[in-house]
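Following: one structure in structure tokens, then a few remarks.
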Amino acid sequence: MLRVFLILTAALMLLSLASAAFAEDFQYIGSGKCFMCHKKDATGNQMQKWLDSAHSKAYATLATDEAKAVATAKGLGDPQQEGACLKCHVTGYGKPAEAFDAAYKAADKTDSHLTDGVGCEACHGPGSAYKSNAVMKAITAGETDGATVGLITPDEALCRTCHNEESPTFKGFDFAEYSAKIAHPNPEKN
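Mind the numbering: the sequence shown is residues 0 to 189 in numbering that gives the first Met the number 0, read in order.
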């Protein structure tokens, strides 16, 4: 029995390492690519839901007088330049340049991964491998496991990587309440 346990443990560790290496193969493509399909009322208009949310304005929020005052009180400089702020206010912060699709980087010379704020891929993972309609249909049909193509199903633990006591403006976080506010289901999947 111990031998079986050890073999299974080793297999799971190898699978975990392989998954981590595989995840590095996915690139950020930008919310604009997601909107090509997710902007229609028939499919839930996730684009508008995001545009109406604080997530889409997360980077811009760092330019406000309030954000600058908070940064000054914490001994920080410009919040739009500080890693302590950017790690939760932009998508893909701290990732190497190769983690961003070349077309995404070329589309906007102002680092659109910053100006996107907390975009689709901050919660759902880099979209290079799941961006196509065919892949998304296969995931929806149960033919493809979304995780194998980098698609993340956000959960409370993921949300709490930013919505926590480390944030100087944290006022508590009720996952059920806040996830309901940003819910953006696809009616075709329901």
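Heads up, the beta-carbon is just placed ideally off N, CA and C, and yes, glycines get one too.
Practice task
Within the stretch 59-137, note down every full alpha helix (DSSP H) run reaching 4 residues or more, in order along the chain.
Solution key: 64-72, 82-88, 101-106, 111-114 and 119-123, all fully within the stretch 59-137.
Practice task
Just confirm the distance between the C-beta atoms of residue 26 and residue 186, as a whole number of angstroms; I'd bet it's less than 8 Å.
Solution key: Taking the first residue of the sequence shown as 1, we reach residue 26 at position 27. Taking the first residue of the sequence shown as 1, we reach residue 186 at position 187. Their Cβ separation, rounded to whole angstroms, is 29 Å, which puts residue 26 and residue 186 out of contact at 8 Å.
Practice task
Examine the Cβ distances between the stretch 123-140 and the stretch 29-36 and report whether three or more of them are shorter than 8 Å.
Solution key: Segments in contact, yes.
Handout entry: Length of the line joining the Cα atoms of residue 85 and residue 79
Key = Residue 85 sits at position 86 when you count from the first residue of the sequence shown. Residue 79 sits at position 80 when you count from the first residue of the sequence shown. If I take the Cα positions, the gap works out to 7 Å.
Exercise for the section: Drop a sphere of 10 angstroms on the beta-carbon of residue 66, count the other beta-carbons inside from all chains shown, and report buried for 16 or more, exposed for fewer. Expected result: Taking the first residue of the sequence shown as 1, we reach residue 66 at position 67. Residue 66 should be labelled buried.
Exercise for the section: State the Cα-Cα distance for the pair residue 191 and residue 162, rounded to the nearest angstrom. Expected result: Not covered by the structure: residue 191. The range shown for the chain is 0 to 189.
Exercise for the section: Hey, could you find the ends of the alpha helix (DSSP H) residue 31 is sitting in? Expected result: Translated into positions along the sequence shown, residue 31 becomes position 32. Segment 30-34, the alpha helix (DSSP H) holding residue 31.
Problem - Closest Cα partner of residue 158 within the set 172, 83 and 59 - result: As a working note, residue 158 is residue 159 in the sequence shown. If we check each option's Cα against that of residue 158, 172 comes out closest.
Handout entry: Cα-Cα separation, residue 116 to residue 92
Key = Numbered from its first residue, the sequence shown carries residue 116 at position 117. Numbered from its first residue, the sequence shown carries residue 92 at position 93. For residue 116 and residue 92, the gap between their C-alpha atoms comes out near 10 Å.
Handout entry: CA-to-CA distance, residue 146 to residue 153, given in whole angstroms
Key = Counted from its first residue, the sequence shown places residue 153 at position 154. Counted from its first residue, the sequence shown places residue 146 at position 147. Residue 153 and residue 146: Cα-Cα distance of roughly 11 Å.
Practice task
Could you tell me if the beta carbon of residue 138 falls within a distance shorter than 7 Å of some heavy atom in the ligand HEM?
Solution key: The ligand HEM is not part of this structure, which contains no ligands at all.
Practice task
With residue 26 as the anchor, note down where its alpha helix (DSSP H) starts and where it stops.
Solution key: Residue 26 sits at position 27 when you count from the first residue of the sequence shown. That residue, residue 26, is in no alpha helix (DSSP H); it is neither H nor E in DSSP.
Problem - Inter-residue Cα distance where the pair is residue 100 and residue 28 - result: Locating residue 100 in the sequence shown gives position 101, counting from the first residue. Locating residue 28 in the sequence shown gives position 29, counting from the first residue. Going by the C-alpha atoms only, they are around 5 Å apart.
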